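In our numbering, the protein residues as written are 1079 to 1380.
Yeah, the Cβ is synthetic: ideal placement off N, Cα and C, and Gly gets one too.
This one's a predicted model, so the numbers in the text were calculated from it and none came from an experiment.
One structure is given below, encoded as structure tokens.
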Amino acid sequence: MKLLMHTCCAPCSVYCIDSLRKEDIEPTCYWFNPNIHPYSEYTLRRDTLIKYTNMINVKLIIEENYGLKEFCKNVVNDIDNRCVNYCYKTRLEQTVKYAKENGFDAFTTTLFVSPYQKHDKIKEICENLSQKYEIEFLYRDFRVGYFDGQEKAKELGLYRQKYCGCIFSLDANSLHESNERPNFPVGFEWPKKKQIEVRRLEDNDNKITYELNLDEEKISTAILEEVDKNTVELKYIETVENERNKGYASRLIKSLAGNYKQKYKYMLVGSDAKNIPFFVKNGFENYKENNNNISYYEKYLR
1079 MKLLMHTCCA
1089 PCSVYCIDSL
1099 RKEDIEPTCY
1109 WFNPNIHPYS
1119 EYTLRRDTLI
1129 KYTNMINVKL
1139 IIEENYGLKE
1149 FCKNVVNDID
1159 NRCVNYCYKT
1169 RLEQTVKYAK
1179 ENGFDAFTTT
1189 LFVSPYQKHD
1199 KIKEICENLS
1209 QKYEIEFLYR
1219 DFRVGYFDGQ
1229 EKAKELGLYR
1239 QKYCGCIFSL
1249 DANSLHESNE
1259 RPNFPVGFEW
1269 PKKKQIEVRR
1279 LEDNDNKITY
1289 ELNLDEEKIS
1299 TAILEEVDKN
1309 TVELKYIETV
1319 ENERNKGYAS
1329 RLIKSLAGNY
1339 KQKYKYMLVG
1349 SDAKNIPFFV
1359 KNGFENYKEN
1369 NNNISYYEKY
1379 LR
């Protein structure tokens, strides 16, 4: 199936793309969002989407249209109903037109992932557009993966916006006037918050072992050793393979630095070239020496 997916932003696309790929459906993302304002916000969301689609090798089509004036002219007389009467319809109809004119088999939208959008109204608009343009509408209730997608976006460091998109939703958000409540499908279960704990395990020949556990499961391990009265060395740190690149090792280093800043002035680490960026990102600097292709960096604790 050749699927065109209207895409409002990178974080909302995460779960949609992941779940579609599990069905062996490879979507093409389509950026057309003239309702996003101001221009700095528009470009930030667009550029974050470009970054993310490049990262995961998904095709992205950019339809540039920063439509502030057009948007205001069309919603000014019915601001409270702007989402259904203008924002949804304008973006989705343009998406369907592009899909029809460019040989796509079907269309969908990442708007279906948000529990804060008017889900049933979006579905109704898509069904009507499907009939009007004679192209298949692929419906998926992506809301079941909303939290998973947001968590993954956070782990990847993607920009996550604080309001829907237009200047009026920004106003409601800033003034805490919005009455919108998340709306999940029947049977949805709220995800249980994961418990993270750092444990000191043992002392062995001046070496101290720590573990970071997630819901009682070992995720990261670190070993420290005293060098002198002012310095402790991080001899070893590793995260289990399926949990890497999620920030757990950084979190463990931060915890250890907090624990030892009263006792030591510096934390030292020796690293080969490929891992130096990770340690520099975590505050290790002041290059010390090179010994057998190992570079030593120190982190100032206090």
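Asked                                                                                                                                                                                   : Found
For valine 1318, which option in Lys1307, Leu1312 and Ala1327 has the closest C-alpha, if you only look at C-alpha atoms?                                                               : Ala1327
Between the alpha carbons of aspartate 1183 and glutamine 1239, how many angstroms are there, rounded?                                                                                  : 31 Å
Within 10 angstroms of its Cβ, does tyrosine 1166 collect 16 or more other Cβ (buried), or is it exposed?                                                                               : buried
Classify isoleucine 1140: buried if its beta carbon has 16 or more other beta carbons within 10 angstroms, exposed otherwise.                                                           : exposed
In the DSSP assignment, the alpha helix (DSSP H) including phenylalanine 1262 goes from what residue to what residue?                                                                   : No alpha helix (DSSP H) holds phenylalanine 1262; DSSP gives it neither H nor E.
Taking the C-alpha atoms as reference points, what is the distance between leucine 1082 and methionine 1133?                                                                            : 19 Å
DSSP on phenylalanine 1357, reduced to helix/strand/coil?                                                                                                                               : helix
What are the start and end residues of each continuous alpha helix (DSSP H) run of 4 or more residues lying completely inside the region 1290 to 1344, in chain order?                  : 1326 to 1338
Roughly how many angstroms lie between the CA atoms of lysine 1270 and tyrosine 1130, to the nearest whole one?                                                                         : 27 Å
Any Cβ of chain B within less than 8 Å of the Cβ of glutamine 1228?                                                                                                                     : Within the model displayed, chain B is absent; a lone protein chain is all it includes.
Would DSSP call lysine 1080 helix, strand or coil?                                                                                                                                      : coil
Does the count of Cβ pairs from the region 1183 to 1194 and the region 1204 to 1220 closer than 8 Å reach three?                                                                        : yes
Using DSSP's beta-bridge definition, name the partner residues of cysteine 1107.                                                                                                        : Met1083 and Leu1138
Between which two residues does the beta strand (DSSP E) containing valine 1153 stretch?                                                                                                : First-last for valine 1153: 1146 to 1153, but that is the alpha helix (DSSP H), not the beta strand (DSSP E).
DSSP three-state call for arginine 1221: helix, strand or coil?                                                                                                                         : helix
Out of Thr1106, Pro1263, Ala1300 and Leu1207, state which residue places its alpha-carbon closest to the alpha-carbon of arginine 1278.                                                 : Ala1300
Taking all protein chains shown into account, decide if lysine 1151 is buried (16 or more other Cβ within 10 angstroms of its Cβ) or exposed.                                           : exposed
Ignore the nearest five residues each way along the sequence and tell me which others in asparagine 1360's own chain have a CB closer than 6 Å to its CB.                               : Ser1328 and Ile1331
Hey, out of Tyr1108, Glu1311, Asn1364 and Lys1324, whose CA is closest to lysine 1232's CA?                                                                                             : Lys1324
Pair every Cβ in the region 1191 to 1204 with every Cβ in the region 1221 to 1230, then say whether three or more of these pairs are closer than 8 Å.                                   : yes
Looking only at its chain, what residues have a beta carbon closer than 7 Å to the beta carbon of histidine 1115, apart from the 5 residues adjacent to it on each side?                : Leu1146, Cys1244 and Ile1245
Compute the Euclidean distance between the alpha carbons of methionine 1079 and glutamate 1104, then round it to the nearest angstrom.                                                  : 8 Å
For glutamate 1202 and asparagine 1155, what's the separation of their Cα atoms in angstroms?                                                                                           : 23 Å
Just grab the DSSP bridge partners of glutamate 1171 for me.                                                                                                                            : DSSP, once it has assigned bridges, lists no residue as partnering glutamate 1171.
Taking leucine 1302 and glutamate 1311 to be in contact with their CB atoms under 8 Å, please state how far apart those CB atoms are, rounded to whole angstroms.                       : 7 Å
If you drop the 5 nearest sequence neighbours on each side, which residues of the same chain put their C-beta closer than 6 Å to that of leucine 1292?                                  : Lys1272 and Ile1274
Please report the Cβ distance between tyrosine 1237 and threonine 1126, rounded to the nearest whole angstrom; I am assuming they are in contact, meaning their Cβ atoms lie under 8 Å. : 4 Å
If you check the beta carbons only, do leucine 1138 and cysteine 1161 fall under 8 Å apart?                                                                                             : no
Anyone know if the C-beta pair for cysteine 1094 and phenylalanine 1220 falls short of 8 Å?                                                                                             : yes
Taking only the alpha-carbon atoms, compute the straight-line gap between serine 1118 and valine 1153 and give it to the nearest angstrom.                                              : 21 Å
Tell whether a beta-carbon distance below 8 Å holds between glutamate 1376 and tyrosine 1338.                                                                                           : no
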